[in-house]
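For what it's worth, our numbering labels the leading residue of the sequence shown as 4, then goes sequentially. Positions of the beta carbon are idealized from the N, C-alpha and C atoms, including for glycine.
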Amino acid sequence: MAFPKRRNYQEQKKQRLVIVGSKNPVKIRSTENAFQSLFEDYFLVEGLNVDSSVNDQPHGEVETYTGAYNRAFEAKKAFPEADFWVGIEGGVDEVGEQMVAFAWIVILDPSGQIGKAKTATLFLPDAISSLIRKGMELGEADDRVFQRTNSKQGNGAVGILTNGVVNRLEYYQQAVTLALIPFVHKKLY
C-alpha cells in the first residue's frame, strides 16, 4: 500500500495577514497568539504605527473604544490588502473616587464584519491615578511609581500590580480572542 507523500504542515495551511494598528510588541504578540489559537490558518501578524485620533491617554469607555476602532480602521486604510485589522487601545475611567484601567479591542475584516471585546478592569492605586489626573499616561505613571522604564511595552500596570501573575500579553490575548468570536461563528453574527 502506497502512502501519499507528506507535505510540510505549514504548506497545508493558508497564510493570512493581520495588521495591528500599533508597533507595541505586546499588542502584536497577543494578537498573533489569539489568532493562532482559534484558527488553523497560518497568520503573519505585523504592527503598523497609526493615529488613534484620541488623547494619548484615553479617558472613558467611549474614547477608549473609539481609539481602538480608529486604530483598526487606519490600519485597514494603510494596508488594505490584509485579511484582518486589529486595534487595541488602553484607557482609564473614574469609578467614584477611584480610577480603573482597561483596554478595548476592535477587529475588522474585508467583508465588513467587526469583532469587539474589552479586557478585565482593574482599580489603580492612588499614586498612579493622581499622576494620570495631572496629565500623565498610565505607562509613564507606572514607570515613575515603580521606578521602571517603558513598562507599557512590557508587563504594564496589570503585570506590575499582580506581581506578574497576570501578564499584559495574556491580558490582551484573552480580549483579542473574545473579539474574534464573530469571525469564528460567522453564521451567528
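Close beta carbons around residue i, own chain, < 6 Å, minus the five adjacent residues each side
i: TRP107; result: THR67, TYR68, ALA71, GLU92, LYS121
i: VAL103; result: ASP96, THR124, PHE126
i: ARG19; result: ASP44, PHE46, ASP86
i: ILE131; result: ALA144, VAL148
i: PRO113; result: none
Straight-line gap, residue i to residue j (C-alpha atoms, nearest Å)
i: GLU143; j: PHE42; result: 36 Å
i: VAL53; j: ARG74; result: 6 Å
i: THR34; j: GLY99; result: 33 Å
i: PRO3; j: LYS17; result: Residue numbering for the chain in the displayed model covers 4 to 192; residue 3 lies beyond these limits and cannot be assessed.
i: GLY167; j: GLN177; result: 16 Å
i: ASP129; j: GLN101; result: 7 Å
i: ARG32; j: VAL109; result: 16 Å
i: TYR192; j: PRO185; result: 6 Å
i: ALA182; j: SER56; result: 21 Å
i: ASN36; j: ILE135; result: 30 Å
i: THR165; j: SER133; result: 20 Å
i: PHE105; j: VAL187; result: 24 Å
i: LEU3; j: LYS26; result: Residue 3 falls outside the range modelled here, since the chain spans only 4 to 192, and no answer is possible.
Residue i burial status per 10 Å Cβ neighbour count (16 or more: buried)
i: THR152; result: exposed
i: GLN39; result: exposed
i: GLY159; result: buried
i: GLN116; result: exposed
i: GLU84; result: exposed
i: THR180; result: buried
i: LYS80; result: exposed
i: LYS30; result: buried
i: VAL48; result: buried
i: ASN11; result: Here the model assigns ASN11 a pLDDT of 45, short of 50, so the residue's position is not dependable, and the following value carries that caveat. With fewer than 16 Cβ atoms within 10 Å of its Cβ, ASN11 is classed as exposed.
Close beta carbons around residue i, own chain, < 7 Å, minus the five adjacent residues each side
i: ILE163; result: ASP145, PHE149, SER154
i: ASP59; result: GLU140
i: VAL161; result: LEU125, VAL169, ARG171, TYR174
i: GLU14; result: Any reading at GLU14 is ruled out, since the residue's pLDDT is 48, under 50, leaving its predicted position unreliable.
Same chain, Cβ closer than 8 Å to residue i, five either side skipped, listed in chain order
i: LYS8; result: The predicted position of LYS8 is uncertain, since its pLDDT is 45 and thus under 50; a value taken from the coordinates is nonetheless stated next. Excluding residues within five positions, none has a Cβ falling inside 8 Å.
i: PRO28; result: GLY50, GLN156
i: LYS189; result: GLN116
Presumed contact (8 Å Cβ cut-off) between residue i and residue j, rounded CB distance
i: PHE82; j: LEU51; result: 6 Å
i: ALA78; j: GLY24; result: 4 Å
i: GLY94; j: GLY63; result: 7 Å
i: VAL21; j: VAL65; result: Not a contact, Cβ separation roughly 26 Å.
Residue i Cβ short of 6 Å to the ligand GTP heavy atom set
i: GLY167; result: No copy of the ligand GTP appears in this structure; indeed no ligand is present at all.
As an exercise, report each continuous beta strand (DSSP E) stretch of at least 3 residues that is fully enclosed by the stretch 93-122, in chain order.
As far as the stretch 93-122 is concerned, its whole beta strand (DSSP E) runs of at least 3 residues are 101-111, 117-121.
Let me know the alpha helix (DSSP H) ranges lying completely inside the stretch 111-180, each 4 residues or longer, listed in chain order.
Segments of the alpha helix (DSSP H) lying fully in the stretch 111-180: 129-136, 141-149, 159-164.
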